[in-house]
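The letter at position 6 of the sequence shown is residue 6 when you use this note's numbering, and the numbering goes up by one with no holes. Every residue, glycine too, gets a C-beta built ideally from N, C-alpha and C. It should be emphasised that the depicted structure is a prediction, and the values quoted were computed from it without experimental measurement.
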Amino acid sequence: MSDLWPDPVAGAPYTSRSMAHLALGSVARAASDFARGLVPTGAGRG
1 MSDLWPDPVA GAPYTSRSMA HLALGSVARA ASDFARGLVP TGAGRG
């Protein structure tokens, strides 16, 4: 998954709260990507 806008757009009305939400979303995405690596995938045992 890629960011739609990886950096703030010039002139966009970002507030500290919206920036905190973006940061939280980024951390959640990173945690999800890390967790995906912990779950074994592939052919089953049976």
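Coil, strand or helix - residue i by DSSP
i: ALA43; result: coil
i: VAL27; result: helix
i: GLY52; result: Absent from the model: residue 52. The displayed extent of the chain is 1 to 46, so no value can be given.
Closest by C-alpha distance to residue i, when choosing among the options
i: ASP7; options: LEU22, ARG17 and SER32; result: LEU22
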